[in-house]
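First comes the structure, then the notes that go with it.
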Amino acid sequence: MDETVNSRILGLGHNLPERVVTNQDLTRVMDTSDEWIQQRTGILERRFISEDTGGSELGAHAAREALRSAGVAAADLDLIILGSLSPDVDFPGTASFLQRNLGLRGMPVMDVRNQCSGFIYMLAVADKFIRTGGARHVLVVGAEIHSTGIDLSTVGREVAVIFGDGAAAAVLGPETDRRRGILSTHLHSEGRFAEKLMVEAPSSRVRPRVTEDMLDRPGSRLWPRMEGRYVFKHAVTRFPEVIHEALAANGYTVADLDLLIPHQANLRISQLVAMGLELPEEKVFNNIQRYGNTTAASIPIALHEAVQEGRVKPGALVCLAAFGAGFTWGAALMRW
Amino acid sequence: MPASAVLGCGRHLPAQSVTSDELARDLGTSGARLTEATGVARRHRASEGQGPSHLGREASLDALARAGLAASDVDLIVFATMTPDIAFPGSGCFLQHQLGCRTVGALDVRAQCAGFLFALATADRFVRAGAAERVLVVGAEVHSTALDYSPRAAAVTPYFGDGAGAVVLGAAREPGVLAAVLHSDPEGLERFWCEFPASRHYPARMTGEAYRAGRHYYQLDAARVHTQARETLAGVTREVLERAGVPADRVALFLVHYLDARVAHAAAEDARLPRERIVATAEGAGHMAAAGIPIALADALAAGRVQRGDLVCCAAFGAGMSWGGALLRL
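Quick mapping for you: the protein sequence lines, in order, are chains A and B. Note that our numbering numbers the first sequence so that position 2 is 6, with each residue one more than the last. Note that our numbering numbers the second sequence so that position 147 is 157, with each residue one more than the last.
Structure, rendered in structure tokens:
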């Protein structure tokens with residue numbers, strides 16, 4: 005038998021709630037405008053759930069599609085990893101609910117809690133298990149339900165307009181050709197800035213950790229807080245840095261890159277990063293215009309759409325890169 | 011392919027401890043009855059403002075010192091907790107900053123009570139793949155701020171304690187992680203869970219109704235979970251020994267990790283493990299979920315109960331339901 009040297013994405017899927025929320029829709033609940041949102045973020049619309057729905061449910065739809073496309077039976081999965089910052093319940097992790105929704109039992113499941121960089125962190129974990137023979141087929145799912153935890157009043161508008169709900173899945177398997185599949189992954193963190201973009205509650209540092217002031221009302225500690233200026237400034241530095249790191253580790257330069265898929269945090273960040281790297285528009289994939297920031301789900305949604313649109317040709321050199329809360333950031337370089 | 015081995019173990023328990031007698035008044039019963047119901051007489055409690063990252067920092071410094079390494083030598087952090095410092099970002103990020111590590115990856119994993127074994131198996135794969143040389147694997151919990159201090163929780167709250175453990179895993183010629191097996195089965199997961207805040211709940215993840223009903227506290231159907239735990243812990247211990255091809259009599263110490271120490275001992279008995287070589291991780295200071303195994307490992311080393319070169323078999327079972335086993339050569 006040939007020796008596994010790399011892991012490779014065998015199939016992708018994504019799933020979004022049907023309800024479309026346009027910028028115009030948001031102007032009915034908060035003081036904002038389509039122009040203001042577009043100018044700052046590039047977002048035109050996003051999806052919100054409209055009834056009780058877990059990330060594990062959107063994730064199960066996405067996972068089934070990814071498994072079909074990979075030609076892998078669900079029962080042949082050796083490991084399931086789910087990334088989210090908006091878990092279905094407090095514990096256990098959302099991966100357990102995903103496992104149940106897929107009708108599976110036996111294989112290990114775990115959550116990865118790395119915010120916007122979640123998909124890169126999960127790919128890194130899946131890749132190391134596969135490369136070392138610890139697993140053959142790994143399901144990786146990014147799933148977020150932001151809409152139940154954002155302040156949709158004028159007070160919270162700066163953060164609330166950014167986020168959307170959604171999920172996407174990738175099935176990874178072994179690759180014997182060392183020039184193909186995931187070539188390397190690169191992970192970073194800098195906790196000095198942890199409080200620049202966070203949801204504080206529930207916080208096990210606070211006794212008791214759940215209190216009435218957390219309920220769905222202005223000032224809730226359940227809602228995200230962001231110092232946008234800091235996040236923006238660090239993002240436009242760390243993105244190019246880690247993209248260069250991934251390319252250099254494999255002896256490539258930006259000129260070799262066929263497609264960059266950045267985490268969809270903000271279209272203005274993606275544009276600045278592309279400009280700084282001197283990447284032409286056709287070599288960067290963005291779809292935040294339609295979905296907003298779906299954190300751990302954003303890269304696989306974008307990758308799947310890029311593949312569906314024929315933007316990722318066999319043999320293409322593709323870089324996935326993320327930056328976000330933590331701060332955490334990372335990149336994965338792959339040969340499609 | 012490089013192997014990974016345990017370079018150092020550390021632990022930290024907060025100074026303040028709480029006896030069952032002290033819990034008894036709030037829980038509407040006597041200390042003796044609480045101890046009898048859960049097998050735990052005393053547990054530690056983090057001080058105000060301390061999260062798992064703070065406890066994890068102390069445990070990490072202990073583990074690094076014993077490994078003869080500095081924080082700057084760490085090239086990946088894997089942090090397991092079910093009681094994170096804040097909702098996000100993860101506790102690993104806070105630890106990275108508190109230790110002054112370089113801007114290394116800080117992976118936060120969630121697999122509840124078995125979380126440490128999931129984190130350890132993950133770290134082992136990074137080292138074997140050559141993607142990291144020295145990984146700091148931390149399990150840390152602050153349960154005390156999450157618990158219900160009212161009579162309805164008398165059969166749940168006394169089980170849990172706060173604490174942290176850490177292991178430095180590093181590249182080595184001789185493998186130290188001889189086998190690791192991990193499993194999950196979501197059947198009946200609501201028998202041990204904490205529902206709220208629940209992002210899946212439309213339109214808001216926390217409601218007054220859920221709050222007043224106490225649905226933000228741990229719910230535990232102890233009788234049914236104990237039954238599953240006993241069977242599973244015995245089974246996974248056999249499985250990991252078989253995977254490693256090592257007979258039980260060559261193992262110096264068995265760490266059996268479960269909420270109820272008496273159930274852990276019963277499982278060990280079912281697996282016919284030698285009684286004098288068993289540690290139920292919850293028997294000292296209560297159940298510390300992701301922290302239980304590395305604390306017990308550090309304690310056993312510090313007490314001279316095991317030495318370098320000895321085999322230690324770990325088994326864990328908990329919420330999810332997720333469980334696992336690992337055979338280590340120290």
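Built from N, CA and C at the ideal position, the CB exists for glycine as well.
Using C-beta distances below 8 angstroms, list every residue in its chain close to residue i, excluding the 5 sequence neighbours before and after it, in chain order.
i, result
"A/M5", "Note that A/M5 has pLDDT 46, beneath the 50 cutoff, so the model's placement of it is unreliable and no number is given."
"A/R12", "L176, G177, P178, E179, R184, G185, I186, M338"
"B/D158", "V166, T167, G224, Y227, Y228"
"A/Q28", "D38"
How would you write the range of the alpha helix (DSSP H) that residue i sits in, first residue to last?
i, result
"A/L89", "Element bounds for A/L89: n/a, residue is neither H nor E."
"B/D231", "It is not in any alpha helix (DSSP H) - B/D231 carries neither H nor E in the DSSP assignment."
"B/T45", "41 to 48"
"B/G302", "302 to 312"
"A/L251", "232 to 253"
"A/P338", "According to the sequence shown, residue 338 of chain A is Met rather than Pro. A/M338 -> not in any alpha helix (DSSP H); beta strand (DSSP E) instead, spanning 332 to 339."
"A/P304", "302 to 312"
Once you ignore the five residues that flank residue i on each side, which residues in its own chain have a CB closer than 6 angstroms to its CB?
i, result
"A/P206", "R213, V214"
"B/L127", "A326, G334, A336"
"B/D320", "A262, L340"
"A/V144", "I85, M126, A130, A174"
"A/E194", "F331"
"B/H267", "T291, G302, I303, A326"
"B/A142", "D85, L86, F136"
"A/D217", "none"
"B/R272", "G49"
"B/P207", "R215, M216"
"B/S40", "A34"
Figure out for me which residue from the options has the closest Cα to the Cα of residue i.
i, options, result
"B/D309", "B/L109, B/G125, B/P12, B/G18", "B/G18"
"A/L281", "A/K317, A/L102, A/A252, A/P244", "A/P244"
"A/G137", "B/G149, B/D134, B/R144, B/A150", "B/D134"
"A/L86", "A/E69, A/A79, A/G75, A/A64", "A/A64"
"B/M216", "A/A239, A/A198, A/S151", "A/S151"
"A/Q119", "A/W340, A/G330, A/L337", "A/G330"
"A/T189", "A/R229, A/L324, A/I303, A/Q293", "A/L324"
"B/A300", "B/L65, B/T29, B/V256, B/T39", "B/L65"
"B/Q108", "B/A129, B/M92, B/S82, B/T93", "B/S82"
"A/Q293", "A/L271, A/A301, A/I305, A/V235", "A/L271"
"B/R21", "B/A312, B/T45, B/E219", "B/A312"
"A/Y234", "A/E199, A/L156, A/E55", "A/E199"
Kindly give me the distance between the Cβ atoms of residue i and residue j, rounded to whole angstroms, as I take these residues to be in contact under 8 angstroms.
i, j, result
"A/A66", "A/G97", "The pair is not a contact, with the Cβ atoms about 17 angstroms apart (cut-off 8 angstroms)."
"A/T299", "A/G334", "Not a contact, Cβ separation roughly 14 angstroms."
"A/V116", "B/V119", "6 angstroms"
"B/V16", "B/L179", "6 angstroms"
"B/A190", "B/L130", "7 angstroms"
With hydrogens ignored, establish whether the beta-carbon of residue i is closer than 8 angstroms to any heavy atom of the ligand PLP.
i, result
"B/P161", "Of ligands this structure carries none, so the ligand PLP is not represented either."
Go to residue i, then tell me how far its beta strand (DSSP E) extends in each direction, as first and last residue.
i, result
"B/F327", "321 to 328"
"A/M114", "113 to 116"
"A/C323", "321 to 328"
"B/H297", "Run containing B/H297: none; DSSP gives neither H nor E here."
"B/T29", "27 to 29"
"B/H22", "13 to 22"
"B/H54", "52 to 54"
"A/W40", "Note, A/W40: premise wrong, no beta strand (DSSP E); alpha helix (DSSP H) at 38 to 45."
Would a C-beta distance cut-off of 9 angstroms place residue i and residue j closer than the cut-off?
i, j, result
"A/V24", "A/R44", "no"
"A/P266", "A/A326", "yes"
"B/G328", "B/F136", "no"
"A/F92", "A/F101", "Before going further, note that residue 92 of chain A is Asp rather than Phe in the sequence given. In contact: A/D92 and A/F101 (Cβ atoms closer than 9 angstroms)."
"A/S88", "A/G122", "yes"
"B/R225", "B/E205", "yes"
"B/P171", "B/R43", "For the record, residue 171 of chain B in the displayed sequence is Gly; it is not Pro. No, the pair does not count as a contact, with Cβ atoms beyond the cut-off."
"B/G330", "B/A121", "yes"
"B/H236", "B/D270", "yes"
"B/Q106", "B/S57", "no"
"A/L30", "A/R229", "no"
"B/L23", "B/I305", "yes"
"A/V322", "A/R135", "no"
"B/V148", "B/A174", "yes"
"A/D168", "A/G296", "Correcting the residue identity first, residue 168 of chain A is Gly in this sequence and not Asp. Cβ distance < 9 angstroms, so A/G168 and A/G296 count as in contact."
"A/V246", "A/L264", "no"
"B/R240", "B/A277", "yes"
Give me, in chain order, the residues of the same chain whose beta-carbon lies closer than 7 angstroms to that of residue i; leave out the 5 immediate sequence neighbours on both sides.
i, result
"A/N290", "Q268, L271, S274"
"A/T257", "L251"
"B/C103", "A116"
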